[in-house]
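> Residue numbers (this note's numbering), protein chains in the order written: chain A, 4 to 311; chain B, 17 to 254. Cβ coordinates follow ideal geometry from the N, Cα and C atoms, glycine included. As the structure is a prediction and not an experimental result, all values here were calculated from the model.
1) Return yes when the Cβ of residue 159(A) is within less than 8 angstroms of the Cβ of residue 75(A), no when it is not.
2) Buried or exposed: where does residue 198(A) fall if 16 or more other Cβ atoms within 10 Å of its Cβ makes it buried?
3) Which residues in chain B sit within 8 angstroms of residue 179(A), going by Cβ to Cβ distance?
4) For chain B, check one thing: does any of its Cβ atoms lie closer than 8 angstroms to the Cβ of residue 299(A)?
5) Taking the straight line between their C-alpha atoms, what separation do you get for residue 140(A) and residue 266(A)?
6) Using only CA atoms, which one of 147(A), 261(A), 36(A) and 5(A) lies nearest to residue 217(A)?
7) Could you tell me whether any Cβ in chain A is nearer than 8 angstroms to the Cβ of residue 67(B)?
8) Just to make sure I have the definition right: I need the residues of chain A whose C-beta is within less than 7 angstroms of the C-beta of residue 60(B). Which are they?
9) Along the chain, which unbroken stretches of the beta strand (DSSP E) at least 3 residues long are found entirely within the segment 88-115 of chain B?
10) When DSSP labels each residue in this structure, what does residue 32(B) get in the three-state scheme?
11) Please check if any C-beta of chain A sits within less than 8 angstroms of the C-beta of residue 164(B).
12) When you compare the CB of residue 187(A) with every CB in chain C, is at least one pair closer than 8 angstroms?
13) Can you tell me whether residue 105(B) is buried or exposed, with buried defined as 16 or more other CB within 10 angstroms of its CB?
14) Find the residues of chain B that neighbour residue 182(A), judging by a C-beta separation of less than 7 angstroms, and give them in chain order.
15) For residue 181(B), does the count of other Cβ atoms within 10 angstroms reach 16, so buried, or fall short, so exposed?
16) For the segment 190-219 of chain A, which residues have a beta carbon sitting closer than 7 angstroms to at least one beta carbon of chain B?
17) What separation, rounded to the nearest whole angstrom, lies between the Cα atoms of residue 27(B) and residue 214(A)?
18) Near residue 243(B), what residues of its chain come up, given a Cβ to Cβ distance below 8 angstroms and the 5 sequence neighbours on each side ignored?
19) Under a Cβ-count criterion, where at least 16 other Cβ atoms within 10 Å of its own Cβ denotes burial, should residue 9(A) be classed as buried or exposed?
20) Give the single residue among 74(B), 237(B) and 248(B) whose Cα lies nearest to the Cα of residue 52(B).
21) Does any residue of chain A have a CB that is nearer than 8 angstroms to the CB of residue 130(B)?
22) Can you confirm whether residue 87(A), when its beta carbon is compared against all beta carbons of chain B, has any partner nearer than 8 angstroms?
23) I need the DSSP call for residue 201(A), collapsed to helix, strand or coil.
24) What are the start and end residues of the beta strand (DSSP E) that includes residue 76(B)?
25) Does any CB atom of chain B fall closer than 8 angstroms to the CB of residue 92(A)?
26) So residue 34(B) and residue 73(B) are in contact, right, with Cβ under 8 angstroms, and what is the actual spacing, rounded?
27) Applying the 10 Å Cβ sphere with the 16-neighbour rule, what's the burial state of residue 111(A)?
28) Between 99(B), 102(B), 95(B) and 65(B), which has its C-alpha nearest residue 85(B)'s C-alpha?
29) Residue 16(A): buried (16+ other C-beta within 10 angstroms of its C-beta) or exposed?
30) Whether or not the segment 176-196 of chain B and the segment 117-133 of chain B are in contact is what I'm after, with contact meaning three or more pairs of Cβ atoms, one per stretch, closer than 8 angstroms; do they touch?
31) Are the segment 188-207 of chain B and the segment 159-171 of chain B touching, with three or more C-beta to C-beta distances below 8 angstroms?
32) Does DSSP put residue 168(A) in a helix, a strand or coil?
33) Would you kindly work out how many angstroms separate the C-alpha atoms of residue 144(A) and residue 53(A), rounded to a whole number?
34) Have a look at residue 221(B) and residue 108(B) and give me their C-alpha separation to the nearest angstrom.
35) Grab the span of the beta strand (DSSP E) containing residue 230(B) for me, first residue to last.
36) Do you know whose CA, among 123(A), 69(A), 230(A) and 96(A), lies nearest residue 280(A)'s CA?
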């Protein structure tokens, strides 16, 4: 069977899931909130890019930048208005999780109302899509030319930020031990707002790319949330590279995986979402830390050492 | 020289639980002050209270003459307070070098941070060997050294140490204590919490004894060590 089409879809979706999941992993590691309202950061980003391109006469780069800012601000707002006050009152993680579902519902239906009033319950950013070439039967289009470079550059920039800038290192420190971070003189609330901007922003850009790739509805983020969580959980909810691997694995499983199962075992493609769910359950059952702490470099070195 | 830290009538704890009650402790500038007492006597809670990591129900903490009772920990750190917690005192996922950088977070000048890292690596040579390693892979003694170096990176005026020698090998304990002496000689005030009363009191200028969340005795370390009541209650007859 020819897997070029599902493979291409896997990579495209995998890149977008990865960006969304990196936002979730960042906010989870720093705040320990399982933020279900993360879905709405995707949706808002998608709408902003679509509106920017279709109605506000902006180019795609400007629209994506606006998605970054919009979703970043929404993320800060969620934290300042709901999560932070709850944490200061000593809320346990479970309360925060439930609160985040509530926050998500409120934002989702606000978007619904806005979209309904403006007749844009479904919308896609109308960019000129040209086929650039073929890989097997799969077409490489201008859409991919946006999705691949932006996600790769985002990952590189995030990596550089976490390892080579002061606030980036401080974020990793804060994720490790918040009290010790404060004792070291790190102003954690300021840093937390910085984190929400970046985490929300990258998620918003992923949503914007989604609007270029496919249609956006007020439930786009909610539908993607299962995959985002699956990717993040594969990364142990805290590992940067684990989350990236998780995003790509989810993309592959839901496209190549389902195609293969459909071809050889007659499994309906309608079971697609089940794959992410099964992955979440499996990880929680057998390896709660996910791919975090998997020492790939060490493993390769040991293998090479043995073969010498 | 006067008191650089003054705790007046402190009642504090976590959530709704009161752990220490009506504690009055003064820390003289340039000296070693020790708080000793059995496990669960509230020594660590008191140290955390000085740093703003507990809930204060009553009383005030003064640092350098200013009331800091309601100030968040990060601001106290920036005022020149350093603190080495007993456990979880390093960032395990950061390298040794990055841990040191975090210790100097409030220092803006990159050159100054670099110079201080050099200085710390001279004082604690083991950190130099391990500088690119994740701090989580260090041994207990190495961690304690790193934690102390981190706290010193911010050039604190006062250093709070919570059982710096707990669960370490005797040889390492001696190393740690000679470091503490050197730190005080360099002009840093030290407030030390120790379960091992004899060791702490022979080192300190002023000692406090805590029990069940209250200060039950105070006096110069050497006096406490020869005090009949103290020996009976806490050291046992030799």
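For this structure:
1) Contact annotation: residue 75(A) and residue 159(A) have beta-carbon atoms that are not nearer than 8 angstroms.
2) It is buried - the Cβ of residue 198(A) has at least 16 other Cβ atoms within 10 Å.
3) Simply 107, 108, 109 and 110.
4) No - not a single Cβ of chain B is within 8 angstroms of the one on residue 299(A).
5) Our two residues, residue 140(A) and residue 266(A), have alpha carbons roughly 17 angstroms apart in a direct line.
6) Closest by C-alpha distance to residue 217(A), out of 147(A), 261(A), 36(A) and 5(A), is 147(A).
7) For residue 67(B), the nearest CB of chain A lies under 8 angstroms from its own CB, placing it at the interface with that chain.
8) Here the premise fails: no neighbours, minimum Cβ distance about 13 angstroms.
9) Those beta strand (DSSP E) runs which fall completely within the segment 88-115 of chain B and span 3+ residues are 97-100.
10) It is coil, neither helix nor strand.
11) Judged by the 8 angstroms Cβ criterion, residue 164(B) is not in contact with chain A.
12) The structure shown contains no chain C; its protein chains are A and B.
13) Buried, because 16 or more other Cβ atoms sit within 10 Å of the Cβ of residue 105(B).
14) Within 7 angstroms of the CB of residue 182(A), the CB atoms of chain B belong to 69, in sequence order along the chain.
15) Of the residues assessed, residue 181(B) falls on the buried side of the cut-off, its CB having 16 or more other CB atoms within 10 angstroms.
16) Correct list: 190 and 191.
17) Straight across, the Cα-Cα distance linking residue 27(B) with residue 214(A) is about 57 angstroms.
18) If we look at residue 243(B) and ignore the five residues flanking it on each side, its Cβ neighbours are 233 and 235.
19) It is buried - the Cβ of residue 9(A) has at least 16 other Cβ atoms within 10 Å.
20) When 74(B), 237(B) and 248(B) are compared, the shortest CA-CA separation from residue 52(B) is found for 237(B).
21) Cβ-Cβ to chain A under 8 angstroms: no for residue 130(B).
22) Put simply, the CB of residue 87(A) is far from chain B, with every gap to its CB atoms at 8 angstroms or more.
23) Three-state result, residue 201(A): helix.
24) First-last of the beta strand (DSSP E) with residue 76(B): 71-79.
25) With a threshold of 8 angstroms between beta carbons, residue 92(A) makes no contact with chain B.
26) Yes, they are in contact, since the Cβ atoms of residue 34(B) and residue 73(B) sit about 6 angstroms apart, within 8 angstroms.
27) By the neighbour-count criterion, in which 16 or more other beta carbons inside 10 Å mark a residue as buried, residue 111(A) falls on the buried side.
28) Across the set 99(B), 102(B), 95(B) and 65(B), the C-alpha of 65(B) shows the shortest separation from the C-alpha of residue 85(B).
29) Buried, because 16 or more other Cβ atoms sit within 10 Å of the Cβ of residue 16(A).
30) Of all C-beta pairs linking the segment 117-133 of chain B to the segment 176-196 of chain B, fewer than three are shorter than 8 angstroms, placing the two stretches out of contact.
31) These segments touch.
32) Coil, per DSSP.
33) Cα to Cα, residue 144(A) sits roughly 18 angstroms from residue 53(A).
34) Residue 221(B) and residue 108(B) have their C-alpha atoms roughly 34 angstroms apart.
35) First-last of the beta strand (DSSP E) with residue 230(B): 230-236.
36) Nearest of 123(A), 69(A), 230(A) and 96(A) to residue 280(A), Cα basis: 230(A).
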